[in-house]
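Numbering (full-length UniProt numbering), first residue to last: 14 to 507. All residues carry an ideal CB built from backbone N, CA and C; glycine is no exception. Predicted model only: the values in this text are computed from it and were never measured. Everything below concerns the one structure shown next.
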Ligand code: FRU
């Protein structure tokens with residue numbers, strides 16, 4: 014793949030060429046190699062002709078593209094989304110003399126039908142053989158897809174979307190070949206027109222920034238179209254799971270992201286107990302097929318890898334915490350550092366960094382200071398000509414205290430004549446944020462508020478590279494300790 018294109022993110026995954034959507038089959042093996050498969054059309058720059066593309070990494074940032082892992086069996090069949098598990102105990106019988114066998118569980122889509130199939134890999138996930146007994150589940154439905162499998166004490170558990178019935182089916186199995194329907198949940202949260210890509214995984218709980226040792230089974234459901242901001246988004250439901258049925262803790266519909274480009278996240282199989290790691294598709298079905306990267310030969314990217322937790326927020330209860338996975342492999346030079354970043358503005362020119370990718374963070378005191386009406390944080394990345402910019406900020410005081418915002422409206426590469434391209438996003442929280450982190454990577458921005466209790470993934474397309482960061486705080490109480498750090502990021506594709 015040629016990763017030099019102007020819009021090609023340099024610390025986010027994108028396919029070597031062609032079109033990509035959902036992350037699939039995520040697992041980490043016993044050698045610490047992370048496997049990412051993905052919905053892949055290798056022949057065109059729009060969705061269709063679904064294969065499973067494949068890439069591997071030791072740190073979740075530096076990826077090696079691998080040969081395609083799953084091919085459609087014929088021209089009318091797509092290999093749709095699904096998951097993968099390590100069958101260390103050889104429950105399937107595919108792996109008589111190894112403990113690192115991998116089984117992929119996925120949907121085969123034809124115009125008439127969506128059935129579930131499995132394939133096994135004896136070489137650690139590089140090549141797969143479809144099981145001769147496929148399909149393993151066929152309920153004569155054409156809206157039944159995206160199996161995600163996890164191990165629960167003594168059996169396998171699958172969650173799967175009955176998409177247009179707004180139902181998540183729960184199936185169980187001893188051997189990954191024979192599956193029995195166990196229970197289901199339906200009409201949870203915001204319906205939209207379809208449910209897709211469910212995940213049911215234990216998420217570790219944090220309180221006051223540190224792990225409590227507790228884990229809460231959480232059901233994730235992606236909906237499309239029909240998100241509050243239009244198109245695709247992801248919801249989550251913390252609850253109780255006994256290995257057979259799931260009961261959400263409350264009836265709230267919680268959104269995983271407050272912008273528009275985060276969908277179909279999947280959690281890695283094989284992570285250490287108490288560790289939940291996910292990657293989402295950083296895109297939206299409303300405009301993915303027309304984004305202006307076609308002349309670079311590729312379309313669409315994954316989100317940063319994230320470590321996830323649950324935490325309890327004042328008044329609103331459970332919140333999904335998303336932290337960028339350990340950034341140290343990609344952090345390059347510190348371009349700015351100020352431990353007294355109170356009511357100051359700093360300009361950071363990162364045009365010479367080459368990657369065009371940066372990370373910034375501001376840290377605030379834990380003690381809730383009293384903020385005056387004007388107290389705010391803001392940033393903008395601009396083109397040297399100043400004709401374009403992407404902006405964001407956070408209000409610490411005033412009538413909108415606790416609100417974070419993002420604005421991609423002042424960019425000229427895409428959006429102005431697309432009916433679905435929203436420019437502005439915001440979220441509000443009850444208590445003041447103690448941190449704000451941002452990663453800006455050529456055509457994508459990810460923002461993490463309050464140690465990741467709120468996060469946003471936002472694509473943007475400027476005509477000129479945006480290489481000038483202006484970042485500042487104003488109206489903050491004197492004597493507050495605020496720390497600013499800005500780093501440029503290594504390109505992972507060189
Ligand atoms: C979600 C989705 C899945 C399906 C796949 C097809 O984005 O629509 O439901 O399996 O994409 O590529």
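query: Near the ligand FRU: residue 34 beta-carbon under 6 Å from a heavy atom; result: yes
query: Nearest-angstrom Cα separation, counted from residue 107 out to residue 188; result: 10 Å
query: 7 Å Cβ shell around residue 394 - same chain, five flanking residues per side excluded; result: 402, 403, 453, 479, 481 and 482
query: Cβ-heavy atom distance, residue 178 to the ligand FRU, below 6 Å; result: no
query: Stretch-stretch touch, CB-based, cutoff 8 Å, three pairs: the stretch 440–451 with the stretch 303–313; result: no
query: Assigned secondary structure, residue 303 (DSSP; H/G/I helix, E/B strand, else coil); result: helix
query: Rounded distance between the beta-carbons of residue 372 and residue 389, thought under 8 Å; result: Going by Cβ atoms, the distance from residue 389 to residue 372 rounds to 21 Å, so no, they are not a contact pair.
query: Every unbroken alpha helix (DSSP H) inside the stretch 342–405 [4 residues or more]; result: none
query: Host beta strand (DSSP E) of residue 36 (start-end); result: 31–41
query: Minimum C-alpha distance to residue 357 - residue among 163, 392 and 326; result: 392
query: Own chain partners of residue 121 with C-beta closer than 6 Å, once the 5 adjacent residues on each side are dropped; result: 90, 128 and 130
query: The ligand FRU heavy atom lying under 6 Å from the CB of residue 438; result: no
query: Beta-carbon contacts of residue 47 that lie in its chain and below 6 Å, excluding the five residues immediately before and after; result: 41, 70 and 73
query: Distance between beta carbons of residue 354 and residue 424, contact taken as under 8 Å; result: The Cβ separation is near 27 Å, so there is no contact.
query: Cβ separation of residue 417 and residue 439, assumed to be a contact under 8 Å, to the nearest whole Å; result: 6 Å
query: Residue 194 burial status per 10 Å Cβ neighbour count (16 or more: buried); result: exposed
query: Cβ pair count under 8 Å reaching 3, the stretch 230–250 against the stretch 206–214; result: yes
query: Between the CA atoms of residue 110 and residue 103 - distance to the nearest angstrom; result: 9 Å
query: Contact under 7 Å by Cβ, residue 114 with residue 136; result: no
query: Limits of the unbroken beta strand (DSSP E) element including residue 232; result: 223–236
query: Environment of residue 383 [buried if 16+ CB atoms lie within 10 Å]; result: exposed
query: Span of the beta strand (DSSP E) around residue 316; result: Taken as a continuous stretch (DSSP letters only), residue 316 belongs to no beta strand (DSSP E), as it is neither H nor E.
query: Status (buried if at least 16 other CB within 10 Å, exposed otherwise) for residue 153; result: exposed
query: Residue 431 versus residue 200 - alpha carbon distance; result: 31 Å
query: Endpoints, beta strand (DSSP E) assigned at residue 161; result: 158–165
query: Segment contact flag, the stretch 73–86 with the stretch 156–168, C-beta cutoff 8 Å, min 3 pairs; result: no
query: Own chain, CB closer than 7 Å to residue 379, minus 5 neighbours either side, in chain order; result: 447
query: Residue 319 beta carbon less than 7 Å from that of residue 335; result: yes
query: Contained alpha helix (DSSP H) runs [length at least 4] in the stretch 434–490, N- to C-terminal order; result: none
query: Exposed unless 16 or more other CB atoms sit within 10 angstroms - verdict on residue 257; result: exposed
query: Inter-residue CB distance, residue 62 and residue 216 (contact presumed, cutoff 8 Å); result: Going by Cβ atoms, the distance from residue 62 to residue 216 rounds to 34 Å, so no, they are not a contact pair.
query: Supposed contact pair residue 502 and residue 345 - C-beta distance, whole angstroms, cut 8 Å; result: 6 Å
query: Contact test: residue 312 Cβ vs the ligand FRU heavy atom, cutoff 6 Å; result: no
query: Unbroken beta strand (DSSP E) run spanning residue 96, endpoints; result: 91–99
query: Candidates 185, 278 and 298: closest to residue 254 by CA position; result: 185
query: Check: residue 63 C-beta below 6 Å from any heavy atom of the ligand FRU; result: yes
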